[in-house]
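The numbering of the sequence shown is our numbering, which starts it at 809 and goes up by one. Just so it is clear, CB atoms sit at the ideal spot from N, CA and C, and this is done for glycine as well.
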Amino acid sequence: MSIASEIEALGHERVKKIREIGRREHISGVLLLAMAHRESAMRNIVGDGGHGRGIMQIDDRFHADWLKEHKGCRSGSFKATFESALPAGRAPSLVAGMTKACELLNQNIAFAKSNGVPDGKRLRFAVAAYNAGPTNALKGFRAGDVDKFTAHGDYSSDVLARRTEVKQVLV
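If you want it as structure tokens, here you go:
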């Protein structure tokens, strides 16, 4: 499916909510939608062999405690019907997943800053770190390719290209 059709399938109210969360958390809603497109084709699913949870594919191997503390939805649904998103087959709510993704991106930006990544390169670093982890993104950055250890070696460049498409659709 195209980005335009996936944004349409996601729905106006959900897109609006994502953009509101982004504003509140100081992360572009357009960037969040581009990441959601890469992560899950903008669906609230359980993916990545059962480890990726929700529209932003929060990994249960690293964020189990967080998932346990947030309401869960059935894979494929946005309606939170469970007290926890941790057990197998569940995803966090849209708001919880997006808020956690923003938290991780902001932590990655702070990590980049504290490790000497120049201001103009911190956002791309943060996106790469969302996928590969901050330590791997830093290793890649220092080797001259922040995406070196990301999925398919192109995560941040792909997400930023998708961001351009998302922006065109939302204009």
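Query raised in the report: Apart from the five residues just before and just after Lys947, which ones in its own chain have a Cβ nearer than 8 Å to its Cβ?
Result: Lys956 and Phe957
Query raised in the report: What span of residues does the beta strand (DSSP E) with Pro900 cover, start to end?
Result: Arg898 to Pro900
Query - Cα-Cα separation, Arg971 to Val979 - result: 12 Å
Query raised in the report: What residues in its chain sit with their C-beta under 7 Å from that of Val954, if we drop five residues either side in the sequence?
Result: Arg932, Phe933, Ala936, Ala945, Gly948 and Ser964
Requested in this report: With distances taken Cα to Cα, identify the nearest neighbour of Pro895 among Asp873, Phe886, Val903 and Gln976.
Outcome: Asp873
Query raised in the report: Are the Cβ atoms of Val838 and Val977 separated by less than 7 Å?
Result: no
Report task. Could you name the residues that DSSP lists as bridge partners for Ala882? Result -> It should be noted that the sequence gives Arg, not Ala, for residue 882. Arg898, per the DSSP bridge assignment.
Query - Residue range of the beta strand (DSSP E) that includes Phe890 - result: Ala888 to Phe890
Query raised in the report: Starting from Lys929 and walking both ways along the alpha helix (DSSP H), at which residues does that stretch end?
Result: No alpha helix (DSSP H) contains Lys929, which DSSP labels as neither H nor E.
Requested in this report: If I'm right that Glu847 touches Ile863 with Cβ under 8 Å, what's the distance once you round it to whole angstroms?
Outcome: 7 Å
Query raised in the report: Mind checking Gly1004: buried by the 16 CB within 10 Å criterion, or exposed?
Result: Within the shown structure, residues of the chain are numbered from 809 to 979, placing residue 1004 beyond reach of any answer.
Query - Between the CA atoms of Ala844 and Leu902 - distance to the nearest angstrom - result: 11 Å
Query - Beta-carbon gap between His871 and Pro900 smaller than 7 Å - result: no
Query - Neighbourhood of His859 by C-beta distance below 7 Å, restricted to the same chain and skipping five residues each side - result: Asp867, Asp868 and Arg869
**Report entry** Residues near Asn923 in its chain [Cβ-Cβ closer than 6 Å; skip 5 each side]
**Finding:** Leu946
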